[in-house]
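Here the sequence shown stands for residues -20 to -1, 1 to 368, where the numbers follow mature numbering (1 follows the signal peptide of the UniProt record, and there is no 0). Quick notes on the structure that follows.
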Amino acid sequence: MSIAPPIRLAFTLISCNAWAGGYNYQLNLFHALAKYCPGVITPVVFAGEGHDASELASIRQVPATETVCSVRFDRSAMISLLPTMFAQDRGAISSFRSHKIDAIWENARFFGWKSPYPTVAWIPDFQHRQLPHLFSNKARRRRELGFQLQVLSGRTIILSSRSAERDCLSYYPSTTGRTAVVRFASEPSAELLKLDPVQVLQKYDLPRTFFYVPNQFWRHKNHGIVIDALALLAQRGVNPVVVVSGGGDPNDPGYLDQIVREAAGRGLAQQFRYLGMIPLAEVYALLRASAALINPSRFEGWSTTVEEAKSFGVPMMLSDIDVHREQAGERARYFGTDDVAALAAHLQAFVRPAFVVREMNEQLSERVREFAESFASTIKRVVRTHRY
């Protein structure tokens, strides 16, 4: 019995600077495929010549993963329009042919309604529909156009949660029968866990008891409720420390500074400790040593930070949205996205008996295996049923 060769699956690099969660998703996916589904899929990651070399270096370290740098993937407004004008992104398709690609994984870039390849579209969430006021008219229309093109082109739509699938079927009924839920699970590499969390605390002059918010500074991430909860507790003489890391939104560059200034202006600079955009190894070190993860987001497709907290058994305080309930179930404490008093009560009531650095839990490997196998089976099905 012959063994089928690996499916060479094309990805476009998601820049960490643009979307750290998306970059981590790809990196974790590649590691999971290499470990749990070896020889099934070969990820081939296409990036522009201007992409950060360190991001590509991390991907090159993943076994059986290839990278390609080409000016054809230095995006511009004109390049984004080519597929709608000429039925396919000819430059990208030419690169795929020369690297013997078998199928395409689309995210933010549409490769054309006449792409010759089996193509799946990953749609992380439908935030522009749920929270339209957080987008400019131009950004909302561009995002919707991209989704509509993928839907009308007959793509199989990959979603990360049942919650996102319900939204997809509600907004785009024609995708019925063409959706697949592939739940992300995070298993950090051993290299990322070498840092001693105590040294990281010392580096940033942090206390041993703190709560952690590692979300990017986008408006829907709802950092403001954390500041409000800290202010409420300060009136009671209670002063927990919340450590915050992450970069700003390139489409809303003033928001990060606004949040940091607000915390300082309310006398909370020592309680709301913003560290900036820190290395991923430090993120894991802080997460493992934190009293609890806080994710106050108003909207998620499948939260990377929640998944990582689950990987280490870190307690969680989460906004009460459907996808958080789907991800964490009874393992978290919940609060409404505008319920300052509830979050303050969770922070005040939380008692941590002793400082501890958590290790990966026993169930993690099975969750990551399921993620990799679900992903691989979806890609194989799309390739098998594609009409050439």
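C-beta: ideal position from N, C-alpha, C; glycine also. Just so we're clear, the structure is a prediction, and the values are computed from it rather than from any experiment.
- Counting C-beta pairs with one atom in each stretch, the region 91 to 103 and the region 11 to 20 have fewer than three that are closer than 8 Å, which means they do not touch.
- DSSP, reduced to helix, strand and coil, places E280 outside both helices and strands of the structure shown, so it counts as coil.
- Nearest in C-alpha terms to E350, of all of G2, H200, R163, A144, is R163.
- For G228, the beta-bridge partners assigned by DSSP are F197.
- Fewer than three beta-carbon pairs drawn from the region 71 to 87 and the region 228 to 241 are found closer than 8 Å, and the two stretches are therefore not classed as touching.
- For C49, the enclosing beta strand (DSSP E) starts and ends at 46 to 49.
- If the five residues before and after E280 are omitted, its C-beta is found closer than 6 Å to the C-beta atoms of V303, all from its own chain and listed in chain order.
- Around the beta-carbon of K201, 16 or more other beta-carbon atoms lie within 10 Å, marking it buried.
- The beta carbons of T(-9) and N87 sit about 7 Å from each other, so the pair counts as a contact at 8 Å.
- Of V337, R(-13), G1, the smallest CA-CA separation from A165 is found for G1.
- For Y314, the enclosing beta strand (DSSP E) begins and ends at 312 to 315.
- Distance between P18 and A44, taken at the CA atoms: about 8 Å.
- Taken through DSSP and simplified to helix, strand or coil, R(-13) comes out as strand.
- If only uninterrupted beta strand (DSSP E) runs of at least 3 residues are considered, those enclosed by the region 151 to 200 are 159 to 161, 191 to 193.
- In this chain, the beta strand (DSSP E) harbouring E86 covers 83 to 86.
- Around the Cβ of L213, a 10 Å sphere holds 16 or more other Cβ atoms; the residue is buried.
- Rounded to whole angstroms, I137 and S150 show a C-alpha spacing of 14 Å.
- Taking S34 as reference, the option from P23, N(-4), I21 with the minimal CA-CA separation is N(-4).
- For A272, the enclosing beta strand (DSSP E) starts and ends at 272 to 275.
- Annotation: S277 to A27 spans about 30 Å, alpha carbon to alpha carbon.
- CA-CA distance, Q251 to Y192, rounds to 11 Å.
- For A27, no alpha helix (DSSP H) run applies; the uninterrupted beta strand (DSSP E) run containing it begins and ends at 21 to 27, by DSSP.
- Proximity to R199 across H108, I258, K360 peaks at H108, based on C-alpha coordinates.
- K290 is classed as buried because its beta carbon has at least 16 other beta carbons within 10 Å across all chains shown.
- Nearest C-alpha to P259 among K183, T155, L323, Q110: K183.
- For Y254, the enclosing beta strand (DSSP E) covers residues 252 to 254.
- Ranking R142, A37, F90 by CA distance to the CA of Q130 puts F90 first.
- One Cα belongs to Q41, the other to H79, and the distance between them is close to 19 Å.
- Counting of Cβ neighbours within 10 angstroms places P187 among the exposed residues, the total staying below 16.
- Cβ atoms of G227 and F197 come within 8 Å of each other, at about 7 Å.
- Boundaries of the alpha helix (DSSP H) harbouring I205: 204 to 215, taken from the DSSP string.
- Two segments are said to touch when three or more pairs of C-beta atoms, one from each, lie closer than 8 Å; by this definition the region 311 to 321 does not touch the region 229 to 237.
- The straight-line gap separating the alpha-carbon atoms of R332 and A269 is approximately 11 Å.
- Taking C-beta atoms as the reference points, V363 and I(-14) count as a pair closer than 9 Å.
- In terms of CA proximity to D105, R146 leads the group H113, W85, R146.
- For S34, the uninterrupted alpha helix (DSSP H) segment begins and ends at 33 to 40.
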